[in-house]
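Peer 1: Okay, here's the structure, questions in a sec.
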Amino acid sequence: TYNTLVAATINLILNYILIPKFGYVGAAYTSTIAYLISLLMHSRYAKKIEKELFPLRYFILPIIFLSAAVVVFYCFESSFIIRMLFIIGGILYVLLTEKELLRKLVINRK
């Protein structure tokens, strides 16, 4: 509960500061920052309970991938074709790198 309260308090303080200046964009940034702080704090606490429970390194690649996708979206906001090519490329990347996991999920679902 403590970790969540700290992250929520940080979110409220940052919202108070940034929303009047930047509007909903400021709210988006403050929420992102608060969630990242929450992730780090909960991860640290989980390590106290069990050393290998959700190692932080499992989250680094998805966070980088998602951040890159956001940057690409905004850099190519006016170019639908380029954004679609990046989306297709991202889907192909996931399909190729996670084909064993996907195969297990499909087989076990039947």
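Take 34 as the starting number for the sequence shown in our numbering and just add one per residue.
Yeah, the Cβ is synthetic: ideal placement off N, Cα and C, and Gly gets one too.
None of these values were measured; they are calculated from a predicted model.
#1: Beta carbon of Phe-106, beta carbon of Ile-115: below 8 angstroms?
#2: Using the rule of at least 16 other Cβ atoms within 10 Å of the residue's Cβ for burial, across every protein chain shown, is Asn-141 buried or exposed?
#3: Leaving out five residues on either side along the sequence, give the residues of the same chain with a beta carbon under 7 angstroms from the beta carbon of Gly-123.
#4: Roughly how many angstroms separate the alpha carbons of Met-117 and Ser-111, rounded to a whole number?
#5: Going by the beta-carbon positions, is the gap between Ala-40 and Ile-52 smaller than 8 angstroms?
#6: Mind checking which residues open and close the alpha helix (DSSP H) that includes Leu-128?
#7: Could you have a look at Leu-86 and say whether DSSP puts it in helix, strand or coil?
#8: Got a sec, what are the start and stop residues for the alpha helix (DSSP H) Thr-37 sits in?
#9: Do Leu-135 and Leu-128 come within 8 angstroms of each other at the CB atom, strictly closer than that value?
#10: Cβ of Leu-47 within 8 angstroms of Cβ of Ile-66?
#11: Leu-72 and Phe-98: beta carbons closer than 8 angstroms?
Peer 2: Reading from the atomic positions:
#1: no
#2: exposed
#3: Ala-102
#4: 12 angstroms
#5: no
#6: 113 to 130
#7: coil
#8: 35 to 55
#9: yes
#10: yes
#11: Cβ atoms of Leu-72 and Phe-98: not closer than 8 angstroms.
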